[in-house]
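Quick note: the sequence shown, position 79, residue 784 per the working numbering, numbers continuous.
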Amino acid sequence: MTGTGSTRGAVATAQRVVVKVGSSSLTTTQGGIDDARVATVVDALAKARASGREVVLVSSGAIAAGLAPLGLATRPRDLARQQAAASVGQGLLMATYTSAFAGHGLRVGQVLLTVDDVTRRSHYRNAYRTLHQLLQLGVVPIVNENDTVATHEIRFGDNDRLAALVAQLVHADLLVLLSDVDGLYDGNPHKPGATRLTDVHSLSDLDGIDIGSTGRSGLGSGGMVTKVEAASIATGSGADVVLASAPEVSAVLAGDPAGTWFHRRAGRRATRLLWLEHATDGRGSLTLDAGAVRAVVERGASLLPAGITAVTGTFTAGDPVDLLDETGRTIARGVVNYDAAELPALLGHSTKELARELGPEYEREVVHRDDLVLLGRPRR
């Protein structure tokens, strides 16, 4: 849907807002922090705070900010130098934010997250408590992925997904994704004839639209595809989402028709389930018999050892695994309660049999229904 639109009431009145800003909107093309660009974002967020709104900032830019000080001309491809650049750049980035927000009488708090912090229950609760306590104390949390310790196997992949999960974590009403593009277009925005979409009410609105995958600067790790995925995560858990360019942040927060507004589609869902559905790959797989497939898909039941016919891959308790039907189709993903090496001896046995033969600790589900999400359902 296109058009100029009118003031967006739900956006303008959102009381708890998560704003994500990309690397290209904070740094120069050579690397290093652009103070003027930072000030544009900080000024807008400070104005929102002054009006009584709560704000969480998810900020990329640590790796990009570390390039110039380390004499690196471009973002390195290898993990070790990315982590080194992040180590140098994160301190510089926070120092810049601390100074900029202090000019408005606001304090900031750094929160570095890893995948475990939103998928493992004990870590999730810690992250939840920290962020909510900072907001209660009037502090602006500044969130980033902990790039200095994250590996390719245990990372969010980009801060768009991280921002969507943080929005759910803090029960935000609005997520604003800022980058170097002023919205979602129905074609390549750099070619004539492309039109910006002002509103997206359902993912089906995007059928037939070719979504580009990269930004112009080359400094970030995300692209338009990841922003749409992040919007899907957030709108599916009760938040409105606006995708816009960083210079438009004030207009977006005022409810002006800038960028593309993705309307919320559903109520809140557990963050770990959103992560399982949208931002993980299974570390292994479990093949289910027909009865177990019906129990999981139709009755919303937990997965028990008796319904599993095969175990594939190497994983440990707490890892995400894919659940397959007898044809090999992935029907669900869940957090497994056993190591891969333990499971083969348990298959085909009821939990009562296992408890009687091996001890009461074996009277538990392989995947509990509260830690399981169905996949492959039609988009709404």
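Note that the Cβ used here is the ideal one computed from N, Cα and C, for glycine as well.
This one's a predicted model, so the numbers in the text were calculated from it and none came from an experiment.
Between Arg742 and the set Ser756, Thr779 and Gly766, the nearest pair of CA atoms involves Gly766.
Note that the C-beta distance between Ser1007 and Val1072 is below 8 Å. Within 10 angstroms of the beta-carbon of Leu1028 lie 16 or more other beta-carbons, which makes it buried. Between Ala805 and Ala744 the beta-carbon gap is near 6 Å, inside 8 Å, which marks them as a contact. The criterion of a C-beta distance shorter than 8 Å is satisfied by Ala872 and Val723. By the beta-carbon neighbour count (other beta carbons within 10 angstroms, threshold 16), Gly776 is exposed. For the set Arg830, Leu911 and Gln787, the Cα lying nearest the Cα of Glu850 is the one of Gln787.
Ranked by how close their Cα comes to the Cα of Thr779, the residues Thr931, Gly736 and Gly814 have Gly736 in first place.
Between Ala749 and Val954, the C-beta spacing is below 8 Å. Exclusion of the five residues before and after Ala936 leaves Val946 and Phe967 as the residues of its chain whose Cβ lies within less than 6 Å of its Cβ. In this structure, DSSP gives Arg1038 an extended state, which the three-state scheme calls strand.
Separation of Leu867 and Val763 (C-alpha to C-alpha, rounded to the nearest whole angstrom) is 8 Å. For Ile938, the secondary structure class from DSSP, reduced to helix, strand or coil, is helix. For Gly1064, the three-state secondary structure derived from DSSP is coil.
Secondary structure of Asn851 (DSSP, three-state): coil. Arg1069 and Leu1009 have their alpha carbons spaced roughly 8 Å apart. Assignment of Thr903 by DSSP, reduced to helix, strand and coil, places it in the coil class.
Along the length of the stretch 951 to 1013, whole beta strand (DSSP E) runs at least 3 residues long occupy 965 to 967 and 989 to 993, reported in chain order.
Beta-carbon to beta-carbon, Leu882 and Leu902 are separated by about 14 Å, too far to satisfy the 8 Å threshold. For Lys752, the enclosing alpha helix (DSSP H) has its first and last residue at Asp740 to Ala755. DSSP lists no bridge partner for Thr779. Runs of the beta strand (DSSP E) lying entirely within the stretch 809 to 842 and spanning at least 3 residues, in chain order: 813 to 818. Within the DSSP secondary-structure output, Leu880 pairs in a beta bridge with Val723 and Val946.
Residue nearest to Gly960 within the set Gly810, Leu880 and Leu1077 is Leu880 (criterion: CA-CA distance). Taking the CA atoms as reference points, Pro846 sits about 10 Å from Gln838. In the same chain as Arg721, and ignoring 5 residues on each side of it, the C-beta atoms closer than 6 Å to its own belong to Glu759, Ala877 and Asp878, in chain order. Beta-bridge analysis with DSSP links Tyr890 to Arg901.
The shortest C-alpha to C-alpha distance from Gly1023 to any of Ala1037, Ala753, Asp1044 and Glu1031 is the one to Asp1044. Comparing alpha carbon positions, the residue from Thr965, Pro1049, Glu1031 and Thr1032 closest to Thr1019 is Pro1049. By the beta-carbon neighbour count (other beta carbons within 10 angstroms, threshold 16), Asp1076 is buried.
For Asp865, there is no enclosing beta strand (DSSP E); the residue is part of the alpha helix (DSSP H) that begins and ends at Asn864 to Leu874. Restricting attention to Val933, Ala751 and Val816, the CA atom closest to the CA of Met799 is found in Val816.
In this structure, the straight-line span from the alpha carbon of Ala1000 to that of Leu993 is close to 10 Å. Per the coordinates, the alpha-carbon of Asp891 lies some 34 Å from the alpha-carbon of Arg754. The C-beta separation of Thr803 from Val813 comes to about 6 Å, placing the pair in contact by the 8 Å criterion. Linking Gln795 to Glu1031 through their CA atoms gives a straight-line distance of about 47 Å.
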